Amino acid sequence: MSVIEVRELTKVFKIPKKEIGLTGAIKALFMPKYEQKTAVDRVNFQIDEGEVVGYIGVNGAGKSTTIKMLTGILVPTSGHARVLGRDPHKERVANAREIGVVFGQRTQLWWDLAFIESLNLVARIYQVPETRYKKLLDQFAEMLELKELFHVPIRNMSLGQKMRAELAATLIHEPRVVYLDEPTIGLDLIVKERIREFIKEQNQTKSTTVVLTTHDLGDIEELCKRVIIIDAGRLIYDGPIETIKQQFGKYREITFETIHSSERVTLPSGAETTHVEPRRLTVRFDRTLTTASQVAAALMNQIEVKDFSLSEPDLASIIKQIYNGALNREAA
Ligand SMILES: Nc1ncnc2c1ncn2[C@@H]1O[C@H](COP(=O)(O)OP(=O)(O)O)[C@@H](O)[C@H]1O
Ligand SMILES: [Mg+2]
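Every letter in the sequence shown is one number past the one before it in my numbering, and letter 260, counting from 1, is 261.
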């Protein structure tokens, strides 16, 4: 069953244009001019019950704006969104009962209340039955290591503690659809791992549908089978993470610091220079055709190398390669 349905979804922000000087300011007061910013641009997708989908893109791609339209916080400029058969904005209250949302950069909990009091309030607002609440509280406390946090006010928590608290509060009413907007931003690996395990468990035991927004590929690889990539508001890929991994896991980059500058070097087949600067050279190679040591050896035969480093491809470079046709028609 399709739980989320998005058709030609578009959001255009109108931003008041600043004018220079006093006359400009006065003019702007009486005849404000606006700039239009298309944050989400005719996006289409469908998500089925129980899926965990990674909604990814670089900063400013339009991820949060999409989530805000799906939660009913923002109204689409055009196109439409349906969540569990409802218009999220028009039927906000009904929608809110069945969804949960976490925004990584800010808390939705009461700043000064002890965490357990916040939880009690949330449970009451959502009318979670008493016995169910007790049971969930025990489970969550164990999985997210919350016991020692119950009496701590949110404002005194570290970022990782806050995020664990936030997740528990968001899932205590057992929503059918959960949006997690950058839930692991700024967290260390141990906390990230705990949060990922928790999300995985909720999805597996309750068939919770999860939309996970991030620009961290690590989160995605562990949780999602499917990813939707957006860039500048447009959907540029919707498909298995596996395809992305095969396609881009193939490539590695080595950056060489050299003693002298050199423009022309001969490389083994499967390798090419992607970036040349004075005394610095970046080579991308296909791991199925050659190896890092072959590339390094070939280069060191031709120029004097001071240092070099190997890097994994990141999201921004993957997006650039998708534009350059790396996925061909498969993605469209
Ligand atoms: N309330 C707003 N008013 C004007 N522009 C906005 C607003 N919210 C977001 N934007 C712009 O829309 C674009 C997409 O933003 P956002 O959805 O937050 O991206 P992401 O979450 O992928 O980083 C950005 O260019 C951002 O500056
Ligand atoms: Mg965002």
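Quick reminder that beta carbons are idealized off the backbone N, C-alpha and C, glycines included.
Every value quoted in this text rests on a predicted model; they were computed, and no experiment measured them.
- The three-state reading of DSSP puts Val-41 in strand, counting E and B together.
- Rounded to whole angstroms, the separation of the alpha carbons of Ala-29 and Asp-88 is 36 Å.
- Going by beta carbons, Val-212 and Tyr-56 fall inside the 8 Å limit.
- In this structure, Arg-197 sits near Glu-223, with a CB-CB distance shorter than 8 Å.
- DSSP links Arg-165 through a beta bridge to no other residue.
- In chain order, the residues positioned with their C-beta nearer than 7 Å to some heavy atom of ligand 2 are Lys-64, Ser-65, Asp-182, Glu-183 and Thr-214.
- Residue pairing by DSSP leaves Leu-120 without any beta bridge partner.
- Cβ-Cβ distances below 7 Å link Ser-208 to Glu-50 and Gly-51 in the same chain, with the five nearest sequence neighbours on each side left out; the list follows chain order.
- A Cβ-Cβ distance of about 6 Å is found for the pair Thr-291 and Ala-272, placing them in contact under the 8 Å criterion.
- With a cut-off of 8 Å on Cβ pairs, the segment 13-26 is not in contact with the segment 188-196, counting fewer than three such pairs.
- For Arg-133, the enclosing alpha helix (DSSP H) covers residues 131-145.
- Assignment of beta-bridge partners to Arg-235 by DSSP yields Asp-232.
- Val-54 is a Cβ neighbour of Arg-227, given a cutoff of 8 Å.
- With at least 16 other beta carbons inside 10 angstroms of its own, Glu-183 counts as buried.
- The alpha-carbon of Gly-61 is positioned some 10 Å away from that of His-216.
- With 16 or more other Cβ atoms from the protein chains shown falling within 10 Å of its own Cβ, Gly-73 counts as buried.
- A distance below 7 Å between beta-carbons, with the five flanking residues on each side excluded, links Leu-137 to the following residues of its chain, in chain order: Ile-173.
- Note that the C-beta distance between Val-266 and Gln-303 is below 8 Å.
- For Val-59, the three-state secondary structure derived from DSSP is coil.
- Under the three-pair Cβ rule at 8 Å, the segment 280-300 counts as touching the segment 240-254.
- By a beta-carbon distance limit of 8 Å, Pro-269 contacts Val-296. Their separation comes to about 6 Å.
- A buried status is given to Ser-119, since no fewer than 16 other beta-carbon atoms sit within 10 Å of its beta-carbon.
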